[in-house]
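Participant: Per this note's numbering, the very first residue in the sequence shown carries number 2; after that it's consecutive.
Ideal Cβ positions, reconstructed from N, Cα and C, are used throughout, including at glycine.
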Amino acid sequence: MILLNDYAQYLKQNELDNLVAIYINNILAHKVPIDKINAPNHEPDIHQQCKSEIENLLAAFSTGKALDIVKTRLQEWKQMKILEIEDNTVEFTDLLNLFTSQKLSLVKLIPNYTQDVLTSVNLMEALVVYYKEVNELAFNIIREIELNERKIRIETEEKYHDLFDNASDLVHLCAPDGSILYVNKSWSETLGYKKEELIGKSIYNYINPAENESFIQYRQSVLKGTEDKVGRNTIFISKNGNQIITEGFVSCKFQNGKPEYTRAILKNVTEKKKQEERLKFYNQQLVEREENLSQLIKNAPDAIIVMSQDHEIILWNTKAEYIFGWSSEEVVGKYLPDIIIPPELRILHVQGMERYLKTGETRVLNKTVEVMGLKKSGEPLFISLTISKSTREGKLIFTSFLRDTTVQKNNALELERKRIQLEHTINELEQYAWLTSHDLKEPLRKIIIFSDSVLHKFKLQLPEKVNSYLEKINRSAHRMNRLIEAILLYSNVSDDKTLYKSTDLNAVTDEVLEDIEMLIKTNQAQINIGRLPVLKAIPVQMHQLFQNLLINAIKYQQPGTQPVINIASIIVDDHYQISIEDNGLGFDDKYATKIFEVFQRLSHDNKYEGTGIGLALCKKIVETHNGRIYATSIINQGSKFFIELPLH
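Structure, rendered in structure tokens:
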């Protein structure tokens, strides 16, 4: 009882509200009429009733008078049962369920009280012994009641036939040969037969075949006059094949010394037996869980260290041995700060513990933090740390889950350094591209202006060969200008999140069609557009994307063929898939990746103007929007471009 006393004190001080909540759940699950059981207390609600019940139980454990209180309660119940107070009568199974609910609630919080397997097992055994004594007291009381009821029924059974018929117990009368003379309503309803289906049939037909022989022998001994003072469990088989477990006595009515009939008054304890089996299962599971927990801690992939509030190491698992280089035998019982905390940080650790014990203020509890640790060799390491608290024997203990993140941390630092370096390089390249392109545009603009002017004003005065050279210079200058514009456009594609807004691609394509209206009319192109989605995007970039793809689809057409372009959209998994299909020249599929590279052109025919940047720009825009673009094609049959953009 000392262990139960300590456990009760712990629960009262630390887990009272939690225990009450668990107890209420068990009470409700077992359908215990707590309001009837505690009716004399006149508590206002179930929570208060359950709280009073738990407080009284813990106080009784603390004083060692728990069994005395149970005896008093059972005697009160016995008196109520004998008086048959209808509104307040509590069934015996209700009391058993009450005790079962108490036990399950107390068992559930054992892991919070102690992590020590031996202590848990001893505490479990103490609870089992206590509730075994409680059940024995309860069964003694019910035996007294049932014996008393049996004597009364023997003397007045004819007078109270109607009472039997409406009793909650299962009652049957059988002739000496076992044929059924009478069954009450509960017997009939429980087994699922109508009374007329049972009368005249042998009682042995409804006994579980596995114990039929033993029941026959039991009944024969009763017919010979042997008085059953203990009772027995009997399993009947219902009409639907279910097993109905009963508990009670079979007695015999003698007339002139000869057996006239036997009578049985049985309780349906099927649910009670199931609960007992469940309790047995839960107890077994608890033991197994403790064993599993021990193995999990020992073999956990993270280091697990348990420390007292005095900084003493209580537990040090295998992974902790591997990470820090200390064996469990070397460190258990030692002062933790001296083992794994760098000297310059030890005072902060101690101050943090002192602050928590005085004020409850914590900066690391139940959080994952990055700290520095120290190996046995003196080598520092980065640690990812999470700490939780519990109690043992009334004192705080702290469980730390640690992971060596040295490699990841160093990799992250190196990655960040390279990211910053790459970002700096990209910015420099973009600035260089912009400045170079901008600086090239001015002399190029003068070349175009002067060559245009010479060709316009002096074409007829110059030799034909000079005119030819000037025209080539002019065309090259215009191509160079378009190339510079494309480079500027490519380098200025931004992924600035502030530019994203809800973008209707239907409106975007309408604007593109308006912009390239002359190109469409000139080539007599037929463009069919299905319903396109509305998504978060940078509108100007979506406009550039569709414009480039449509211009390409119209431009690269087979001579004498009307361009037909189909645009459609579907949802595939977590993204929109937009397709743009044409009936143009197509290309060899082996170039499906190359076409999206900068300055890559599959056609070198001068009649197809281009810079080699259009599809590269499309790829950059799509990837900026966390999507991808790819194409399939058949030469002289057309191409199909696919754009995949995320739903969110």
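By alpha-carbon positions, which one of Arg-356, Arg-418 and Thr-319 ends up nearest to Arg-404?
Facilitator: To locate residue 404, count along the sequence shown from 1; it is residue 403. Of the candidates Arg-356, Arg-418 and Thr-319, the one whose C-alpha sits nearest the C-alpha of Arg-404 is Thr-319.
Participant: Give the list of continuous alpha helix (DSSP H) stretches no shorter than 4 residues that lie fully inside the segment 66 to 142.
Facilitator: For the segment 66 to 142, whole alpha helix (DSSP H) runs of length 4 or above, ordered along the chain, are 67 to 84, 93 to 109 and 111 to 114.
Participant: Looking only at C-alpha atoms, which of Arg-264, Glu-417, Asn-293 and Val-33 sits nearest to Gln-221?
Facilitator: Locating residue 221 in the sequence shown gives position 220, where the first residue counts as 1. Nearest of Arg-264, Glu-417, Asn-293 and Val-33 to Gln-221, Cα basis: Arg-264.
Participant: Our contact map puts Glu-645 next to His-576 with C-beta atoms below 8 Å; I'd like the distance itself, whole angstroms only.
Facilitator: For the purposes of this step, residue 645 is taken as residue 644 along the sequence shown, with counting starting at 1. For the purposes of this step, residue 576 is taken as residue 575 along the sequence shown, with counting starting at 1. About 5 Å separates the two Cβ atoms, so the contact holds.
Participant: Which residue comes first and which comes last in the alpha helix (DSSP H) that contains Asp-505?
Facilitator: Start at 1 with the first residue of the sequence shown, and residue 505 comes out as number 504. No alpha helix (DSSP H) contains Asp-505, which is instead part of the beta strand (DSSP E) from 502 to 505.
Participant: By how many angstroms is the C-alpha of Leu-500 removed from the C-alpha of Gln-462?
Facilitator: Counting from one through the sequence shown, the residue named residue 462 turns up at place 461. Counting from one through the sequence shown, the residue named residue 500 turns up at place 499. So the alpha carbons of these two residues sit roughly 54 Å apart.
Participant: Since Phe-237 sits in a beta bridge, which residues does DSSP pair it with?
Facilitator: Position 236 of the sequence shown, counted from the start, is the residue given in the question as residue 237. According to DSSP, Phe-237 bridges with Ile-208 and Ile-245.
Participant: Cβ of Ile-315 within 8 Å of Cβ of Val-332?
Facilitator: Working through the sequence shown from its first residue, we reach residue 315 at position 314. Working through the sequence shown from its first residue, we reach residue 332 at position 331. Taking 8 Å as the Cβ cut-off, Ile-315 and Val-332 do not qualify as a contacting pair.
Participant: For Lys-359 and Glu-54, I'd like the C-alpha separation in whole angstroms.
Facilitator: The sequence position of residue 359 within the sequence shown is 358, counting from 1. The sequence position of residue 54 within the sequence shown is 53, counting from 1. Approximately 33 Å between the Cα atoms of the pair.
Participant: Have a look at Leu-4 and Gln-10 and give me their C-alpha separation to the nearest angstrom.
Facilitator: Here the question's residue 4 lines up with position 3 in the sequence shown. Here the question's residue 10 lines up with position 9 in the sequence shown. When rounded, the distance between both Cα atoms is 10 Å.
Participant: For a test of the three-state rule: what should DSSP assign to Trp-327, helix, strand or coil?
Facilitator: Residue 327 sits at position 326 when you count from the first residue of the sequence shown. Reduced to three states, the DSSP call for Trp-327 is coil.
Participant: Is the CB-CB distance between Leu-346 and His-312 below 8 Å?
Facilitator: In the sequence shown, counting from the first residue as 1, residue 346 sits at position 345. In the sequence shown, counting from the first residue as 1, residue 312 sits at position 311. No.
Participant: Do Glu-371 and Ser-1 come within 8 Å of each other at the CB atom, strictly closer than that value?
Facilitator: The question about residue 1 has no answer, for the chain in this structure spans 2 to 649.
Participant: Report all residues from its chain with a CB closer than 6 Å to the CB of Lys-460; omit the five preceding and five following residues, and keep chain order.
Facilitator: Along the sequence shown, one-based indexing puts residue 460 at 459. These residues qualify, in order along the chain: Asn-468.
Participant: Hey, quick one: how far does the beta strand (DSSP E) through Tyr-183 stretch, first residue to last?
Facilitator: Along the sequence shown, one-based indexing puts residue 183 at 182. 181 to 184 is the extent of the beta strand (DSSP E) around Tyr-183.
Participant: Based on the DSSP secondary-structure assignment, which residues constitute the bridge partners of Gln-49?
Facilitator: Position 48 of the sequence shown, counted from the start, is the residue given in the question as residue 49. According to DSSP, Gln-49 bridges with nothing at all.
Participant: Compute the distance between the beta-carbons of Pro-1 and Asn-584, then report whether it is under 8 Å.
Facilitator: Not covered by the structure: residue 1. The range shown for the chain is 2 to 649.
Participant: For Lys-281 and Asn-27, I'd like the C-alpha separation in whole angstroms.
Facilitator: Here residue 281 refers to the residue found at position 280 of the sequence shown. Here residue 27 refers to the residue found at position 26 of the sequence shown. Going by the C-alpha atoms only, they are around 16 Å apart.
Participant: Can you check which of these residues, Ile-146, Ser-189, Ala-176 and Cys-175, is closest to Asn-167 by C-alpha distance?
Facilitator: The count along the sequence shown starts at 1 and reaches residue 167 at position 166. Measuring from the Cα of Asn-167, the nearest candidate turns out to be Ser-189.
Participant: Can you give me the start and stop residues for the alpha helix (DSSP H) that Gln-218 sits inside?
Facilitator: As a first step, residue 218 must be located in the sequence shown, where it is residue number 217. Per DSSP, Gln-218 belongs to the alpha helix (DSSP H) from 213 to 224.
Participant: From the DSSP secondary-structure annotation, give me the bridge partner or partners of Gln-256.
Facilitator: What you label residue 256 is simply residue 255 of the sequence shown in a count that begins at 1. DSSP, once it has assigned bridges, lists Lys-259 as partnering Gln-256.
Participant: What's the gap between the Cα of Arg-74 and the Cα of Lys-196?
Facilitator: Taking the first residue of the sequence shown as position 1, residue 74 is located at position 73. Taking the first residue of the sequence shown as position 1, residue 196 is located at position 195. Cα-Cα distance, rounded: 39 Å.
Participant: Based on the DSSP secondary-structure assignment, which residues constitute the bridge partners of Ile-342?
Facilitator: Working through the sequence shown from its first residue, we reach residue 342 at position 341. Ile-342 is not bridged to any residue.
Participant: In the structure shown, what three-state DSSP assignment does Gln-542 receive?
Facilitator: Mapped onto the sequence shown, residue 542 falls at position 541. Reduced to three states, the DSSP call for Gln-542 is helix.
Participant: Provide the residue(s) that pair with His-173 in DSSP beta bridges, ordered along the chain.
Facilitator: By 1-based counting over the sequence shown, the position of residue 173 is 172. Val-184 and Ala-265.
Participant: DSSP three-state call for Asn-42: helix, strand or coil?
Facilitator: As a position in the sequence shown, residue 42 is number 41, starting the count at 1. For Asn-42, the pLDDT reaches just 48, beneath the cut-off of 50, and the residue's location in the model is therefore unreliable, although a value from the coordinates is still provided. It is helical.
Participant: Taking Lys-396 as the reference, give the member of Glu-278, Tyr-592, Gly-242 and Gln-310 with the closest Cα.
Facilitator: Working through the sequence shown from its first residue, we reach residue 396 at position 395. Of the candidates Glu-278, Tyr-592, Gly-242 and Gln-310, the one whose C-alpha sits nearest the C-alpha of Lys-396 is Gln-310.
Participant: Given 8 Å as the limit, is there contact between the segment 632 to 643 and the segment 586 to 596, that is, 3 or more CB pairs closer than that?
Facilitator: The answer is yes - the segment 586 to 596 touches the segment 632 to 643, with three or more Cβ pairs under 8 Å.
Participant: What's the gap between the Cα of His-43 and the Cα of Asn-57?
Facilitator: Sequence index remark: in the sequence shown, residue 43 carries index 42 (1-based). Sequence index remark: in the sequence shown, residue 57 carries index 56 (1-based). Any answer about His-43 is weak, because its pLDDT of 49 lies below 50 and its placement is not dependable; what the coordinates show is given next. In a straight line, the C-alpha of His-43 is about 15 Å away from that of Asn-57.
Participant: Compute the Euclidean distance between the alpha carbons of Leu-182 and Asn-234, then round it to the nearest angstrom.
Facilitator: Along the sequence shown, one-based indexing puts residue 182 at 181. Along the sequence shown, one-based indexing puts residue 234 at 233. Approximately 22 Å between the Cα atoms of the pair.
Participant: Could you name the residues of the same chain whose beta carbon sits closer than 8 Å to that of Asp-216, not counting the 5 residues immediately before and after it, in chain order?
Facilitator: Taking the sequence shown and counting its residues from 1, the one referred to as residue 216 is at position 215. It is worth fixing the name first, because residue 216 is Phe in this sequence and not Asp. If we look at Phe-216 and ignore the five residues flanking it on each side, its Cβ neighbours are Tyr-205, Ile-208 and Thr-235.
Participant: From what residue to what residue does the beta strand (DSSP E) around Thr-625 run?
Facilitator: One-based indexing of the sequence shown puts residue 625 at position 624. Run containing Thr-625: none in the beta strand (DSSP E); it sits in the alpha helix (DSSP H), 615 to 625.
Participant: Are Ile-566 and Ile-552 touching if we call contact CB-CB under 8 Å?
Facilitator: In the sequence shown, the residue the question calls residue 566 occupies position 565. In the sequence shown, the residue the question calls residue 552 occupies position 551. No, the pair does not count as a contact, with Cβ atoms beyond the cut-off.
Participant: On the DSSP bridge assignment, give the partners of Gln-527 in chain order.
Facilitator: What you label residue 527 is simply residue 526 of the sequence shown in a count that begins at 1. DSSP lists Val-565 as partners of Gln-527.
Participant: Assuming Val-33 and Leu-138 form a contact by the criterion Cβ under 8 Å, report the distance between their Cβ atoms to the nearest whole angstrom.
Facilitator: Residue mapping note: residue 33 aligns to position 32 of the sequence shown, counting from 1. Residue mapping note: residue 138 aligns to position 137 of the sequence shown, counting from 1. Not really, about 18 Å apart at Cβ, beyond 8 Å.
Participant: Taking Leu-366 as part of the beta strand (DSSP E), name the residues at either end of that continuous run.
Facilitator: On the sequence shown, position 365 is the one that residue 366 refers to. Looking at the DSSP string, Leu-366 is not in any beta strand (DSSP E), and its letter there is neither H nor E.
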